[in-house]
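If you're matching positions, the sequence shown starts at 255 in our numbering and goes up one per residue.
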Amino acid sequence: MTIDIENTYAEAFDGLYMRIIVTAKDKKRLKKAAYNSTALPSVVINRTEGGIEKWLNKNETPDGRLGAILQ
C-alpha cells in the first residue's frame with residue numbers, strides 16, 4: 255500500500271483568547287445563557303471556535319450558583 259503525501263503548508267495568526275464564568279440561579283437559565291453566548295461566534299476573518307469548556311458546580315463559582323466556563 256502506498257500513501258501519497260500532499261506538499262502543503264500551514265499558517266498561524268495572532269489571536270485573542272478569553273475565558274469567562276457565567277452563573278445562573280438554575281440549570282435551565284444557565285444552559286440557555288451558555289449555549290446562546292457561544293453559538294456561532296465570529297470575527298472579522300470568519301467564524302471562530304468558541305464554546306462551553308466546563309460546567310461548574312455551586313462550590314466552584316464565586317457566587318455559589320451553578321456556572322459554566324465559556325471560551
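Glycine included, C-beta positions come from ideal geometry on N, C-alpha and C. Keep in mind it's a predicted model, so treat the numbers as computed, not measured.
Checklist entry - If you draw a straight line from the alpha carbon of G318 to that of E260, how long is it in whole angstroms? => result 52 angstroms
Checklist entry - Can you give the beta carbon distance from K308 to A322, rounded, assuming they're within the 8 angstroms contact cut? => result 7 angstroms
Checklist entry - With respect to 7 angstroms, is the separation between the Cβ of Y271 and the closest non-hydrogen atom of the ligand ATP below this value? => result The ligand ATP is not part of the structure shown, which contains no ligands of any sort.
Item to check | Presumed contact (8 angstroms Cβ cut-off) between G305 and T315, rounded CB distance | outcome: Actually they are not in contact, since the Cβ atoms of G305 and T315 sit about 18 angstroms apart, beyond 8 angstroms.
Item to check | L284 and A278 closer than 8 angstroms at C-beta | outcome: yes
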